[in-house]
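Following the numbering used here, the numbering of the sequence shown begins with 17 at its first residue and continues without gaps.
Where is the CB? At the ideal position from N, CA and C, for every residue including glycine.
Treat the numbers as computed from the prediction; the structure is a model and nothing was measured.
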Amino acid sequence: MARLRTKTVFLGDVAQSRDNNLNLLRFLAAAAVALSHSFLLVTGDPESRPLMKATGFSIGYHAVDIFFVISGFLVTQSWMRRNSLLDFTVARALRIYPALAVCVVLTALVLLPPLSKMSAADYFSSFETFSYVIMTASLTSPDGTLPGIFLTTPVANEVNGSLWTLRYEVLCYAALALLGMSGILARRKWLIRTAFVIGLPLAALSLFPIAYADDTILVHFVRFGLCFGLGVLAHEYRAQIPLHWAGVVFLFLLTVAMRPYAVFPLSFYLLTAYSAFWLAYIPGGRIRRFNNAGDYSYGLYIYAYPLQQVLVLTIPGLMPLQLFAVTVATTLPAAILSWYFIEKPALAKKENVSAWLKRFGGQLVPGNRTHL
């Protein structure tokens, strides 16, 4: 059984340690997204997803918020370690795009063509097919369709309903880079002022009811910006943030109390952020071994949805929990292969790619051989 520390520690005391539960937490968050989608894709009813009645949002919705909080924390750590726009951009691009591109190509050109209502010749000659590959892999339009694919599933015409959040992840990276380049991240007073100038309007906007009927860029940017921003602030004030189970309980009770009021989303964001850090760094014991297994969460996140749609189409009568179980069993091998053969090797090339780009930039700019 996992043991829990009784002594209060601060986030700054444990943030640098690689002995944590981050891989496990991210994996469970990705699994929660798959669970949420299992109910949606079987029933076609967004209200059927777990936690919708209790919180007004699905378990997958809350899981994605966890991703953004953790990302804000770790990506800020990455910026501080590098403090170079080029190195930071290369690291973020290699984390997102290689695995995404492989997933999109395999999905559109290998997995799904046999399921199309169109002939193979028409499918591969369709502009829509290759437009999907280019637009989705670049995140220009991550919610595209493929010709003749998933026309009769309860959620029709949707190839990969998980990828749309990645565009906001990239936008958050860009916003963080702007804060870093401007020097705001290095000055706490300016960071707090910026948090108030940007965060208060975002918080005010979040007080309005957020529903999937209001599926707009503004709504999503408010939500993800707040969660990512909480991660950024947590990193900058990590030495002052105690991690204790009592804090989780207090924020949970506060969130329950706020359920009837407009401020409920804000209290839930705070609960999500604090609980994520507590779970990531405090519980110990055997569960820490998962951190040595690899980070399979991204692969699970990007591959699950199209595989779920295939299962719904080809195995009629699956119940949501059955679909979830089969999804994890079929997607996990793809996620493991993605980590060891795509993601991990790509991340290992960060320094090489940055060095090459610096040399290339030096050749383009006479007299500047070392810097872009």
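Check, Outcome
"Local conformation of Leu286 per DSSP, three classes", "helix"
"Through-space distance from Leu128 to Arg97, alpha-carbon basis", "41 Å"
"Stretch-stretch touch, CB-based, cutoff 8 Å, three pairs: the region 102 to 116 with the region 179 to 186", "yes"
"Short Cβ contact (8 Å threshold) for Leu162 with Val186", "no"
"Inside the region 87 to 168 only - alpha helix (DSSP H) runs reaching at least 4 residues", "101 to 122, 136 to 141, 143 to 153"
"Identified DSSP bridge partners for Leu259", "Val25"
"Contact check, Leu363 vs Arg65, beta carbons under 8 Å", "no"
"Exposure of Trp95, with buried meaning 16 or more beta-carbon neighbours within 10 Å", "buried"
"Distance CB(Leu259)-CB(Val25) smaller than 8 Å", "yes"
"Selection from Arg304, Val126, Asp311, Gln338 that minimises the alpha carbon distance to Ile358", "Asp311"
"Span separating the alpha-carbon of Asp103 from that of Glu367", "8 Å"
"Exposure of Pro361, with buried meaning 16 or more beta-carbon neighbours within 10 Å", "exposed"
"Beta carbon of Thr343 nearer than 8 Å to that of Leu327", "yes"
"Reduced DSSP category for Lys69 - H, G, I as helix; E, B as strand; rest coil", "helix"
"Straight-line Cα distance separating Thr59 from His53", "10 Å"
"Straight-line gap, Pro225 to Thr169 (C-alpha atoms, nearest Å)", "With a pLDDT of 47 at Pro225, under the threshold of 50, the modelled position of that residue is not reliable, and the figure given next carries that caveat. One C-alpha to the other measures close to 29 Å."
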